[in-house]
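Trainee:
Protein chains: 2
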Amino acid sequence: MSRRKYLQIPGPTNIPDRVLRSLAQPIISHRGPEFEQLVADCIEGLKKVYRTENDILILPSSGSGALESAIVNLFSPGDTIAAASLGVFSERVALIAERHGLNVIRITKEWGQAIKPPEIAQVLADDRGHKIKAVCLPQNETTSGVANDLKAISQTIKETGHPALIMVDAVSSLACMPLETDAWGIDIVVSGSQKGLMLPPGLGIVSVSPKAWTLIEQSTMPKWYWDYQIIKDRLKTNQFPYTPPTSIFFGLKEALAIIEEEGLENVFARHKQIAEAVRNSSKAMGLELFAEQGYESNSVTVICLPQNVKYEDLERLLYEKYGLVIGGGLQKLQGQIFRIGHLGLIHNTDVYAIMCAVEAALVELGYQVELGTAARAISETFLPI
Amino acid sequence: MSRRKYLQIPGPTNIPDRVLRSLAQPIISHRGPEFEQLVADCIEGLKKVYRTENDILILPSSGSGALESAIVNLFSPGDTIAAASLGVFSERVALIAERHGLNVIRITKEWGQAIKPPEIAQVLADDRGHKIKAVCLPQNETTSGVANDLKAISQTIKETGHPALIMVDAVSSLACMPLETDAWGIDIVVSGSQKGLMLPPGLGIVSVSPKAWTLIEQSTMPKWYWDYQIIKDRLKTNQFPYTPPTSIFFGLKEALAIIEEEGLENVFARHKQIAEAVRNSSKAMGLELFAEQGYESNSVTVICLPQNVKYEDLERLLYEKYGLVIGGGLQKLQGQIFRIGHLGLIHNTDVYAIMCAVEAALVELGYQVELGTAARAISETFLPI
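Protein sequences appear in the order of chains A and B.
For what it's worth, the working numbering labels the leading residue of the first sequence as 8, then goes sequentially.
For what it's worth, the working numbering labels the leading residue of the second sequence as 8, then goes sequentially.
1) So, for I35 of chain A: in the same chain, excluding its five sequence neighbours on each side, which residues have a beta-carbon less than 7 Å away from its beta-carbon?
2) Could you tell me whether the Cβ of S254 of chain B comes closer than 8 Å to any Cβ of chain A?
3) Take A104 of chain A and list the residues in its own chain whose beta-carbon comes closer than 8 Å to its own, dropping the five residues that flank it on each side.
4) Have a look at A:P208, A:Q246 and A:G270 and flag the residue whose alpha-carbon is nearest the alpha-carbon of D48 of chain A.
5) Against chain A, does K339 of chain B count as a neighbour if the rule is that its beta carbon must be under 8 Å from one of theirs?
6) Run through chain B and tell me which residues come within less than 8 Å of H2 of chain A, C-beta to C-beta.
7) Measuring straight from C-alpha to C-alpha, what distance separates T250 of chain B and Q375 of chain B?
8) Any Cβ of chain B within less than 8 Å of the Cβ of I88 of chain A?
9) Given a cut-off of 8 Å on the beta-carbon distance, is the pair A381 of chain A and E371 of chain A in contact?
10) Roughly how many angstroms separate the alpha carbons of T167 of chain B and Q44 of chain A, rounded to a whole number?
11) For K202 of chain B, does the count of other Cβ atoms within 10 angstroms reach 16, so buried, or fall short, so exposed?
12) Is N245 of chain A helix, strand or coil when you go by DSSP?
13) Among B:T150, B:I173 and B:S151, which has the Cα closest to the Cα of I160 of chain B?
14) Measure the Cβ-Cβ separation of F345 of chain B and Y318 of chain B and say whether it is below 8 Å.
15) Output the distance between the C-alpha atoms of I50 of chain A and D194 of chain A, rounded to the nearest integer angstrom.
16) Quick one: give me the first and last residue of the beta strand (DSSP E) that I88 of chain A is part of.
17) Is the distance from the Cβ of A368 of chain A to the Cβ of L312 of chain A below 8 Å?
18) Does DSSP put D123 of chain A in a helix, in a strand, or in coil?
19) Any beta-carbon of chain B closer than 8 Å to the one on R346 of chain A?
20) Quick one: residues in its chain with C-beta nearer than 6 Å to the C-beta of W191 of chain B, no 5 flanking neighbours on either side, listed in chain order?
21) For the stretch 231-257 of chain A, which residues have a beta carbon sitting closer than 9 Å to at least one beta carbon of chain B?
22) Closest Cβ-Cβ distance between V2 of chain B and chain A: below 8 Å?
23) Is it the case that the Cβ atoms of G209 of chain B and P17 of chain B are separated by a distance below 8 Å?
24) CA-CA distance, H107 of chain A and D86 of chain A?
25) Check whether the stretch 349-361 of chain A touches the stretch 271-286 of chain A, taking contact to mean three or more Cβ pairs, one atom from each stretch, closer than 8 Å.
26) In chain A, which residues lie with their C-beta within 9 Å of the C-beta of L30 of chain B?
27) Run through chain A and tell me which residues come within less than 9 Å of I65 of chain B, C-beta to C-beta.
28) Between the beta-carbon of A121 of chain B and the beta-carbon of V153 of chain B, is there less than 8 Å?
29) Under 8 Å, Cβ to Cβ, is there at least one residue of chain B near I114 of chain A?
30) Is the distance from the Cβ of S179 of chain A to the Cβ of V307 of chain A below 8 Å?
31) From what residue to what residue does the beta strand (DSSP E) around D2 of chain A run?
32) DSSP three-state label for G199 of chain B, please.
33) Taking P53 of chain B as the reference, which of B:W233, B:A182 and B:K279 has the closest Cα?
34) Using a Cβ-Cβ distance cut-off of 8 Å, determine whether I173 of chain B contacts chain A.
35) In terms of residues, what are the limits of the alpha helix (DSSP H) holding L81 of chain B?
36) Helix, strand or coil: how does DSSP classify C311 of chain A here?
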């Protein structure tokens with residue numbers, strides 16, 4: 008079936024034709040001047056997206072791999088960290104840290120709830136001996152469709168005077184929602200290629216503050232592949248300690264150019280408007296959103312399944328009849344919710360296609376809603392009236 | 008400059024147009040049935056290339072990352088291994104192992120020399136307490152252009168009766184020269200996507216024997232991203248614990264189909280004949296080969312630089328005038344040798360282009376050789392006379 012597909016999982020995302028074509032270029036030497044220039048251009052562009060002057064490191068890995076790299080570089084066995092646990096992916100960071108011998112103070116929230124600044128402030132206040140080396144949290148948790156107020160949280164952490172670093176999982180938020188690495192003082196920002204950056208999976212990306220480097224120099228955790236000091240040293244000449252996935256760098260340069268052409272603020276505004284249209288049309292159809300009000304993600308919307316609609320039926324119908332791929336509930340949310348990713352390559356017109364297909368499929372599966380409801384709510388969101 | 012490039016470093020290699028085009032397909036869900044089928048097909052195809060019934064694991068990493076993954080999965084801190092050190096890449100395995108707290112008994116050879124079965128037998132015989140958990144060696148060391156006789160070595164290790172596992176770095180030899188994982192009893196075979204498999208870099212590949220799994224179950228080394236048990240568990244349903252680089256899998260399936268169409272034995276024969284042509288033409292030009300006679304690699308030929316020819320001049324001239332990218336000497340071999348990769352996508356006609364350009368460039372740089380010498384030696388290698 009060669010129809011156009013709507014890949015609306017919370018990443019990997021659809022990617023622009025310009026990027027796809029750039030991936031199909033003949034392979035170049037990873038030790039030559041052409042690749043070195045490409046790396047330099049990519050890092051310069053990433054700094055603009057990260058809004059940072061910190062070092063940017065690129066890793067041949069998934070986003071989870073990049074999160075593990077941060078753990079093994081920043082800490083030593085026996086160190087203590089505080090970690091928000093709001094869903095599968097933030098809990099994974101806590102799990103990886105424990106696997107590597109850290110003491111993890113979890114700040115656990117019911118899935119669907121955001122973590123609030125006072126909750127973190129309390130954990131830091133209780134830590135009078137300043138044992139906590141870092142606070143780890145996701146900007147966006149795709150399990151539940153919740154976006155934390157990272158600006159307020161980082162400000163609160165600074166105000167406590169506690170010296171803990173701030174480490175943020177921005178895998179599903181970078182280039183989707185505002186993230187001011189330097190202005191907000193985020194020491195470690197971890198992301199990946201396959202979400203807001205509109206690339207295939209294959210690159211992990213990490214920004215590292217000077218304060219983080221101090222911790223990194225003290226780390227005794229065994230490592231070679233992940234070793235930021237080795238990587239940073241080679242990056243001085245835009246090289247890597249091993250063979251990096253060169254092809255994706257062609258795509259990264261192209262994707263960064265696309266983002267720059269649109270303007271980062273416009274990218275954020277587009278994601279915001281599209282997310283509102285998805286939420287408004289869902290609510291207009293009588294569907295309940297899973298995320299806490301006021302903390303809904305602009306990357307992914309998590310929608311409670313109506314009674315009597317089975318997830319498998321909805322998923323199959325959307326895929327087979329409409330070429331639309333949605334995400335299901337993870338772990339305990341399986342069969343309870345469905346997830347619509349709206350990040351990366353997505354524009355206003357696409358929202359009609361996606362949400363009208365969802366409406367039609369729900370109706371076909373017995374859900375009662377007047378046809379056209381979703382489209383009307385989307386237009387009401389978009390139109391200046 | 009849009010001329011055709013000859014990327015003749017020891018990998019990444021040139022890759023077929025069919026593979027390049029397959030990389031430019033729209034992104035698919037890494038959790039959907041289409042990708043699961045793709046993974047199943049790729050693993051089935053890889054088993055044929057690996058000549059194994061062992062488990063095949065695919066990692067989102069470089070080849071060095073896959074080597075690190077083997078170290079952290081097989082061993083525990085304080086364990087002892089024996090590691091051949093013949094060049095930069097085999098020494099790297101020893102280094103990674105030491106970084107992770109292993110005792111490494113190095114079997115060090117002068118660069119350019121192969122490791123011989125009796126040398127390994129002696130190390131194992133000296134280890135009366137059977138402390139050595141594994142013998143690590145490369146099938147092919149690209150630093151020096153040396154290929155070890157893996158068949159003889161593995162047979163010798165078996166004959167000693169020592170229970171050590173055999174772990175082989177086949178990054179630059181898989182699908183280039185014969186490797187019988189099961190018939191030779193190799194427990195761990197590590198490879199990558201960007202060499203004989205004719206793909207962009209981005210995938211590490213490891214085969215794991217039942218005997219290796221026994222050791223893996225006892226390992227106390229901290230890990231999550233590299234954890235073979237987690238990966239194996241998810242691979243039961245052709246899934247991954249994280250987002251794998253889906254696009255390269257399209258390419259992998261295509262590359263495996265290309266290899267199957269040619270026939271693995273024919274792929275090996277082609278590499279052997281091309282390597283002979285490169286060596287014969289080099290010798291005909293009066294150039295000295297760096298590798299020990301009888302152990303020259305069929306993936307990469309390392310050639311001593313003639314006196315009065317500077318590597319930088321040769322590299323620049325070949326690149327600018329002929330679009331030919333060669334490799335230089337690593338570490339202490341810098342300025343002493345040059346390396347021609349002839350693995351993956353390369354056929355007989357290409358050898359004329361490569362070696363005649365080398366001949367012409369050397370002559371332009373003052374080296375004395377009769378023009379046409381290389382071509383004659385290549386034809387003499389190819390022709391059945």
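Note that the Cβ used here is the ideal one computed from N, Cα and C, for glycine as well.
Mentor: In terms of the structure at hand:
1) Here the set comprises E41, F42 and T253.
2) In terms of beta-carbon proximity, S254 of chain B lines the interface with chain A, with at least one pair separated by less than 8 Å.
3) In the same chain as A104 of chain A, and ignoring 5 residues on each side of it, the C-beta atoms closer than 8 Å to its own belong to I78, F82, I88, A90, V111 and C143, in chain order.
4) Of the candidates A:P208, A:Q246 and A:G270, the one whose C-alpha sits nearest the C-alpha of D48 of chain A is A:Q246.
5) Interface annotation, K339 of chain B: not in contact with chain A, CB-CB separation never under 8 Å.
6) In this structure chain A extends from 8 to 392, so residue 2 of chain A is not present and cannot be described.
7) Rounded to the nearest angstrom, the gap between the Cα atoms of T250 of chain B and Q375 of chain B is 55 Å.
8) Cβ-Cβ to chain B under 8 Å: no for I88 of chain A.
9) Note that the C-beta distance between A381 of chain A and E371 of chain A is not below 8 Å.
10) For T167 of chain B and Q44 of chain A, the distance between alpha carbons rounds to 52 Å.
11) Answer is buried; the Cβ neighbour count reaches 16.
12) Here DSSP, grouped into helix, strand and coil, assigns N245 of chain A to coil.
13) Of the candidates B:T150, B:I173 and B:S151, the residue whose Cα lies closest to the Cα of I160 of chain B is B:I173.
14) Here F345 of chain B is near Y318 of chain B, since their CB atoms are less than 8 Å apart.
15) The alpha-carbon atoms of I50 of chain A and D194 of chain A are separated by roughly 17 Å.
16) Its beta strand (DSSP E) spans residues T87 to S92.
17) Going by C-beta atoms, A368 of chain A is not nearer than 8 Å to L312 of chain A.
18) Here residue 123 of chain A is Lys; the residue named in the question, Asp, does not match the sequence. Annotated three-state conformation of K123 of chain A is coil, per DSSP.
19) Not one chain B Cβ lies under 8 Å of R346 of chain A.
20) If the five residues before and after W191 of chain B are omitted, its C-beta is found closer than 6 Å to the C-beta atoms of K158 and S161, all from its own chain and listed in chain order.
21) Under the 9 Å Cβ criterion, the stretch 231-257 of chain A contributes W231, Y232, W233, D234, F247, P248, Y249, T250, P251, P252, T253, S254 and I255.
22) In the structure displayed, chain B extends from 8 to 392; residue 2 of chain B sits before or after that span and is not available.
23) Contact check for G209 of chain B against P17 of chain B fails: the beta carbons are separated by 8 Å or more.
24) Roughly 10 Å between the two C-alpha positions.
25) When C-beta atoms of the stretch 349-361 of chain A are compared with those of the stretch 271-286 of chain A, three or more pairs fall below 8 Å, so the two segments count as touching.
26) Simply L27, L30, A31, P207 and S254.
27) Scanning chain A for C-beta atoms nearer than 9 Å to the C-beta of I65 of chain B yields nothing, as the closest lies near 12 Å away.
28) It is a contact, given that the beta carbons lie within the stated cut-off.
29) Cβ-Cβ to chain B under 8 Å: no for I114 of chain A.
30) Contact: yes.
31) Nothing about residue 2 of chain A can be read from this structure; chain A reaches only from 8 to 392.
32) The answer is strand: DSSP assigns G199 of chain B an E or B state.
33) In the sequence as presented, Pro is not what sits at residue 53 of chain B; that position holds Leu. Out of B:W233, B:A182 and B:K279, the CA that lies nearest to the CA of L53 of chain B is found in B:A182.
34) So no, I173 of chain B is outside the interface.
35) Counting along the chain, the alpha helix (DSSP H) containing L81 of chain B begins and ends at G70 to L81.
36) Note: C311 of chain A maps to strand in three-state DSSP.
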